[in-house]
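Asks: First residue of the sequence shown? That's 16 in my numbering, and the numbers climb one at a time after it.
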Amino acid sequence: MSQRYFLPQSPAGTTACLDGDEARHVARVMRARPGDQIAVFDGAGHSWPAVITRIERGQIDLELGPMATESEPPCRLTVAVALPKGDRQKWLIEKLTELGVASLVPLTTTRSVAQPTTAANERLRRGVIEACKQCGRSRLLEIKAACRFTDWLAEPHPGTRLLADPAGSPLLPAIRPVPRDVLIAIGPEGGFTPEEVTAAEQAGFTRVSLGSSILRIETAALAVAAIIGQHGG
Ligand code: SAH
16 MSQRYFLPQS PAGTTACLDG DEARHVARVM RARPGDQIAV FDGAGHSWPA VITRIERGQI
76 DLELGPMATE SEPPCRLTVA VALPKGDRQK WLIEKLTELG VASLVPLTTT RSVAQPTTAA
136 NERLRRGVIE ACKQCGRSRL LEIKAACRFT DWLAEPHPGT RLLADPAGSP LLPAIRPVPR
196 DVLIAIGPEG GFTPEEVTAA EQAGFTRVSL GSSILRIETA ALAVAAIIGQ HGG
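#1: Given that a residue counts as buried once 16 or more other Cβ atoms are within 10 Å of its Cβ, and exposed if not, what is Ser127?
#2: Considering only the beta carbon of each residue, do Pro181 and Ser228 sit closer than 9 Å?
#3: Which partner residues does His61 have in the DSSP bridge list?
#4: Tell me whether the beta-carbon of Leu79 lies closer than 9 Å to the beta-carbon of Pro89.
#5: Across the region 116-124 and the region 51-59, are there enough close Cβ pairs to call them in contact, namely three or more that are closer than 8 Å?
#6: Put Asp166 into one of helix, strand or coil per three-state DSSP.
#7: Count the C-beta pairs between the region 137-156 and the region 226-241 that are closer than 8 Å, then say yes if the count reaches three, no if not.
#8: What's the gap between the Cα of Pro194 and the Cα of Glu170?
#9: Between the C-alpha atoms of Gly174 and Leu114, what's the straight-line distance to the nearest angstrom?
#10: Among Leu92, Tyr20 and Gln74, which has the Cα closest to the Cα of Leu198?
#11: Given the structure, does Ala146 come close to the ligand SAH, in the sense that its CB is under 8 Å from one of the ligand's heavy atoms?
#12: If you draw a straight line from the C-alpha of Arg191 to the C-alpha of Val116, how long is it?
#13: Going by the CB atoms, is the gap between Ala134 and Ala97 shorter than 9 Å?
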């Protein structure tokens with residue numbers, strides 16, 4: 016696979032250009048030259064082989080080959096999660112991107128530790144782009160605005176609503192056949208409070224279990240993404 020770069024805007028014709036960090040990476044780190052072949056993607060599911068035609072003043076001009084369109088996964092999975100802190104957060108985003116999760120909602124819950132801020136969300140978005148470059152995905156995992164759990168429950172979500180809970184019923188039978196849209200809420204290290212669980216059930220969420228061990232937030236999120244990714248469609 017050619018080295019992949021992110022185009023923040025979809026190209027209108029058969030040329031495109033990279034600037035900013037992406038261009039610096041091509042020119043300085045990869046030491047690319049005119050004539051070299053790379054690949055670019057627009058984050059909306061499209062990618063192109065591209066030949067570098069010019070490298071000048073922080074800008075890389077490209078001639079694009081034929082566009083490829085990535086098919087949508089059979090099940091669109093939204094993971095709403097009380098994010099862990101620091102490096103664990105970064106790791107979670109990388110893995111959920113690799114596993115094809117459609118979107119992520121950072122949740123604030125009663126027992127949350129990491130406060131979702133705009134800067135933190137921006138870091139998550141950068142993590143998504145890096146993971147897409149590495150794993151070959153062309154449609155970005157969408158990072159939604161951070162939300163209080165109880166506010167999120169009140170939103171009109173299309174799709175099957177699940178709450179990850181060690182005391183729930185087993186995940187796989189609960190979602191067979193796997194529907195087109197699935198939302199799953201994953202709690203903080205301290206778990207959801209009984210009031211939060213009751214509010215979720217009243218909002219139509221089914222409690223589902225991933226086995227008898229108590230999993231870390233990111234393990235629970237990854238397990239759901241992998242199971243649904245394998246059984247969708
Ligand atoms: N202290 C909490 C566990 C929190 S683990 C307790 O004892 O309940 C963090 C989150 O991961 C949980 O809120 C839950 O959403 C999810 N989780 C962890 N283990 C799970 C399991 N075996 N099945 C389903 N969800 C799980």
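Yeah, the Cβ is synthetic: ideal placement off N, Cα and C, and Gly gets one too.
Replies: With the structure as the only source:
#1: By 1-based counting over the sequence shown, the position of residue 127 is 112. It counts as buried.
#2: Within the sequence shown, numbered from 1, the residue matching residue 181 stands at position 166. Within the sequence shown, numbered from 1, the residue matching residue 228 stands at position 213. Their beta carbons are under 9 Å apart, which means Pro181 touches Ser228 by this criterion.
#3: One-based indexing of the sequence shown puts residue 61 at position 46. DSSP output for His61 lists Thr84 as bridge partner(s).
#4: Mapped onto the sequence shown, residue 79 falls at position 64. Mapped onto the sequence shown, residue 89 falls at position 74. Not closer than 9 Å, so no.
#5: no
#6: Residue 166 sits at position 151 when you count from the first residue of the sequence shown. In this structure, Asp166 counts as helix in the three-state DSSP scheme.
#7: no
#8: On the sequence shown, position 179 is the one that residue 194 refers to. On the sequence shown, position 155 is the one that residue 170 refers to. Going by the C-alpha atoms only, they are around 19 Å apart.
#9: By 1-based counting over the sequence shown, the position of residue 174 is 159. By 1-based counting over the sequence shown, the position of residue 114 is 99. Their backbone Cα atoms lie some 19 Å apart in a straight line.
#10: If you number the sequence shown from 1, residue 198 lands on position 183. For the residues Leu92, Tyr20 and Gln74, the minimum Cα distance to Leu198 belongs to Leu92.
#11: By one-based count along the sequence shown, residue 146 stands at place 131. Every heavy atom of the ligand SAH is 8 Å or more from the Cβ of Ala146, so no.
#12: By 1-based counting over the sequence shown, the position of residue 191 is 176. By 1-based counting over the sequence shown, the position of residue 116 is 101. Cα to Cα, the separation comes out at about 18 Å.
#13: Mapped onto the sequence shown, residue 97 falls at position 82. Mapped onto the sequence shown, residue 134 falls at position 119. Contact: no.
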